[in-house]
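This note's numbering applies: residue -15 is where the sequence shown begins, and numbers increase by one. For each residue, glycine too, the CB sits at the ideal point set by N, CA and C. Worksheet for the structure shown next.
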Amino acid sequence: MTDSKKRKAGPKSLGIILGSAFENEFASKLMLEPEVADTPWGRITLFSSGLSNDRPVYILFRHGLPHSLLPNQINYRAQAAALQQVNCGALLINSSVGVLDPDLPIYKPMLVTDLLMPENRLPDGSTCTMYPEPKAHQGHLLIREGLFSQSLNEQISARHPGSIFKPENGLVFVYAGGPRSKTAAENRMWAQLGGQVNSMTLAPEVVLANELEIPVSALVVGHKYSVPGRINPEVRKIAETLVDAREATESILLDFIEHGEPVVFANQIYRY
């Protein structure tokens, strides 16, 4: 195990954040080497992948490896700071999601294009920002192109034209913080507000990465319908649906590790 400390020099790296479905068989394929990052927010373990010879690639398991953290227990600031320390120039976030739009498929990868997060807060109730207290180099995140990098989305889509489902008007992700699941009334509300998919994570990762000027894409796959009255194809255990969701995105994630490229951050941090 190595220690990344405050290393930010060197070439831009790639980052991937993975969820619950990826801690077993998939992780064993990545030739992982743990690296400890000490951040102002706490200690985080990143895993460098030996699959890529072109540039450093770091994997972050949001719930820990093995899975130990509920969504409300994730140290989002420490994770974002750790990715900044390794000079992340493109971050691909993965999540299994509930589908609120009955016209969308399940078990089909999709790239998020917008975010619905009415309260910009972390699970502990604090503001979702890397700057909860005054500090040097703080600033406002000004959203110019959107929280999801258009160029990174295009890069990933171009390499997988037949694998990624593209809704005609984009894909809106709803952050519905856990650890409990949502009521039928809540799911109806999110859908009426324009939300199409939701999960208990992802949104804080996207916001904090943007504050640190890290371009982000979010690759999601539905593992169930969360639309009241919409019948899921079959009654199955959650663990089984997560396996199907993982298998639908594995090849895209592996390709990003081997062939992904950093992109230019297109939003702006405004500092006085």
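Alpha carbon to alpha carbon, what distance is there between residue j and residue i?
i: residue 28; j: residue 20; result: 6 Å
i: residue 105; j: residue 183; result: 15 Å
i: residue 199; j: residue 41; result: 15 Å
i: residue 207; j: residue 83; result: 8 Å
i: residue 123; j: residue 192; result: 12 Å
i: residue 113; j: residue 2; result: 21 Å
i: residue -4; j: residue 162; result: 33 Å
i: residue 194; j: residue 103; result: 17 Å
i: residue 205; j: residue 5; result: 11 Å
i: residue 234; j: residue 13; result: 10 Å
i: residue 73; j: residue 238; result: 17 Å
i: residue 210; j: residue 120; result: 43 Å
i: residue 255; j: residue 231; result: 43 Å
i: residue 151; j: residue 164; result: 28 Å
i: residue 96; j: residue 202; result: 6 Å
i: residue 25; j: residue 61; result: 6 Å
i: residue 39; j: residue 76; result: 15 Å
i: residue 53; j: residue 18; result: 18 Å
i: residue 98; j: residue -2; result: 22 Å
i: residue 181; j: residue 134; result: 19 Å
i: residue 131; j: residue 116; result: 20 Å
i: residue 197; j: residue 127; result: 11 Å
i: residue 32; j: residue 43; result: 6 Å
i: residue 101; j: residue 36; result: 34 Å
i: residue 251; j: residue 140; result: 19 Å
i: residue 253; j: residue 125; result: 5 Å
i: residue 0; j: residue 168; result: 32 Å
i: residue 91; j: residue 118; result: 44 Å
Consult DSSP for residue i and reduce its assignment to one of helix, strand or coil.
i: residue 241; result: helix
i: residue 114; result: coil
i: residue 193; result: helix
i: residue 142; result: helix
i: residue 120; result: coil
i: residue 164; result: coil
i: residue 249; result: coil
i: residue 230; result: helix
i: residue 147; result: coil
i: residue 199; result: coil
i: residue 18; result: strand
i: residue -3; result: strand
Can you tell me where the beta strand (DSSP E) with residue i in it begins and where it stops?
i: residue 43; result: 41 to 45
i: residue 171; result: Run containing residue 171: none in the beta strand (DSSP E); it sits in the alpha helix (DSSP H), 168 to 176.
i: residue 133; result: No beta strand (DSSP E) holds residue 133; DSSP gives it neither H nor E.
i: residue 254; result: 252 to 254
i: residue 30; result: 26 to 33
i: residue 211; result: First-last for residue 211: undefined, no H or E at that position.
i: residue 78; result: 72 to 83
i: residue 182; result: 181 to 183
i: residue 5; result: Counting along the chain, residue 5 falls outside any beta strand (DSSP E), and DSSP gives it neither H nor E.
i: residue 102; result: No beta strand (DSSP E) holds residue 102; DSSP gives it neither H nor E.
i: residue 95; result: 93 to 95
i: residue 152; result: No beta strand (DSSP E) holds residue 152; DSSP gives it neither H nor E.
Does any C-beta atom of chain D lie closer than 9 Å to the C-beta of residue i?
i: residue 196; result: In the displayed structure, chain D is absent; only one protein chain is listed.
Over what stretch of residues does the alpha helix (DSSP H) that includes residue i continue unbroken?
i: residue 160; result: Where residue 160 is concerned, there is no enclosing alpha helix (DSSP H), given that its DSSP letter is neither H nor E.
i: residue 60; result: 60 to 69
- request: Could you say if the segment 52 to 63 and the segment 107 to 125 meet the contact criterion of at least three C-beta pairs nearer than 8 Å?
  value: yes
message: With three or more C-beta pairs closer than 8 Å as the rule, is the segment 172 to 187 touching the segment 67 to 84?
response: yes
field: the segment 147 to 155 contacting the segment 72 to 81, beta-carbon criterion three pairs below 8 Å
entry: no
query: Counting pairs of beta carbons, one from the segment 152 to 167 and one from the segment 62 to 72, are three or more of them closer than 8 Å?
result: no
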